[in-house]
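Asks: Counted the way the numbering used here counts, the sequence shown spans residues 8 to 227.
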Amino acid sequence: MHFVIMGCGRVGSALAQGLERHGHDVAVIDQDATAFRRLGTEFQGRRVTGVGFDRDTLRAAGIEEAYAFAAVSSGDNSNILAARVARETYGVENVAARIYDSRRAEIYQRLGIPTVATVKWTSDQMLRQLLPQGAVPALTEPSGRVVVAEVPVSAAWVGTRLTALEVQTGARVAFLTRLGEAQLPGPDTVYQEGDTLHLVIERHRVDEVERLLDSTSPIR
8 MHFVIMGCGR VGSALAQGLE RHGHDVAVID QDATAFRRLG TEFQGRRVTG
58 VGFDRDTLRA AGIEEAYAFA AVSSGDNSNI LAARVARETY GVENVAARIY
108 DSRRAEIYQR LGIPTVATVK WTSDQMLRQL LPQGAVPALT EPSGRVVVAE
158 VPVSAAWVGT RLTALEVQTG ARVAFLTRLG EAQLPGPDTV YQEGDTLHLV
208 IERHRVDEVE RLLDSTSPIR
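#1: For Gln190, does the three-state DSSP call read helix, strand or coil?
#2: I'd like to know if the segment 34-42 and the segment 92-112 are in contact, where contact means that at least 3 CB-CB pairs between them fall below 8 Å.
#3: Quick check: the Cα distance between Val11 and Ile106, rounded to an integer number of angstroms?
#4: Return the Cβ separation of Leu204 and Thr176 in integer angstroms, given the expectation that the two are a contact with Cβ distance under 8 Å.
#5: Out of Val154, Ser161, His9 and Val174, point me to the one whose CA is closest to Val207's CA.
#6: For Ile87, report the span of its alpha helix (DSSP H) as first-last.
#7: Does the ligand SAH have a heavy atom nearer than 7 Å to the CB of Val55?
#8: For His211, which residues of its own chain have a beta-carbon under 7 Å away from its beta-carbon, when the five flanking residues on both sides are left out?
#9: If you draw a straight line from the C-alpha of Glu49 to the C-alpha of Arg152, how long is it?
#10: Quick check on the burial criterion: 16 or more other C-beta atoms within 10 angstroms. Buried or exposed for Ser81?
#11: Helix, strand or coil: which one does DSSP assign to Glu71?
#12: Using a 10 Å radius around the Cβ and a threshold of 16 neighbouring Cβ atoms, would you call Tyr198 buried or exposed?
#13: Under a Cβ-count criterion, where at least 16 other Cβ atoms within 10 Å of its own Cβ denotes burial, should Asn86 be classed as buried or exposed?
#14: Compute the Euclidean distance between the alpha carbons of Gln190 and Gly19, then round it to the nearest angstrom.
#15: Please report the straight-line C-alpha distance between Phe43 and Ala23, rounded to a whole angstrom.
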């Protein structure tokens with residue numbers, strides 16, 4: 008498949024090299040021709056010098072036959088503009104933009120442009136390690152309405168079937184981590200001490216579900 012990447016910094020060059028190693032055709036766009044040195048001499052894809060949201064530049068990179076477009080330059084405005092041009096003008100369905108400002112990233116996700124907010128991702132990972140309580144979304148779908156969140160569960164729920172937990176909370180168990188290994192629960196799977204649950208929840212109900220699972224008296 009053909010991929011177009013805007014930005015040949017550390018992220019863009021690593022992404023391009025990784026895609027090419029998997030057998031894909033890759034074109035990389037950057038305003039600075041010297042940035043292409045990061046790709047190395049073995050890179051076989053296209054190197055296109057120009058502005059990533061310029062239509063002539065995008066066409067030179069093969070945007071019209073692209074399977075996916077990634078905007079990973081150092082500028083938020085350039086990334087989101089290029090991502091929107093790729094999707095809205097050229098009909099590329101698989102589009103993602105790196106956004107440094109996490110507040111703006113959430114807005115663009117609601118517009119249907121998947122974003123990676125570097126600072127927010129890092130801080131969320133730290134929050135999972137530091138906070139003994141508090142559900143932190145691990146994944147948010149583009150509209151922002153549904154999240155997959157790691158939610159702390161009271162020891163009172165030990166021995167409860169996960170199907171019963173779903174009924175009582177209205178959430179869905181995406182997967183659980185037990186003894187360091189992720190697994191999909193079956194109809195008879197029960198919550199065990201030390202399990203980590205990853206739940207699919209409507210964003211506005213995250214606090215409510217957290218309170219229910221922190222309860223010391225679940226209904227059996």
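The beta carbon of each residue, even a glycine, is placed where N, CA and C say it ideally should be.
Values in this document were obtained by computation on a predicted structure and should not be read as measured data.
Replies: In brief:
#1: strand
#2: no
#3: 18 Å
#4: No, Leu204 and Thr176 are not in contact; Cβ-Cβ is about 10 Å, not under 8 Å.
#5: Val154
#6: Asp83 to Glu95
#7: Among the ligands in the structure shown, none appear at all, so the ligand SAH cannot be discussed.
#8: none
#9: 43 Å
#10: exposed
#11: helix
#12: buried
#13: buried
#14: 32 Å
#15: 11 Å
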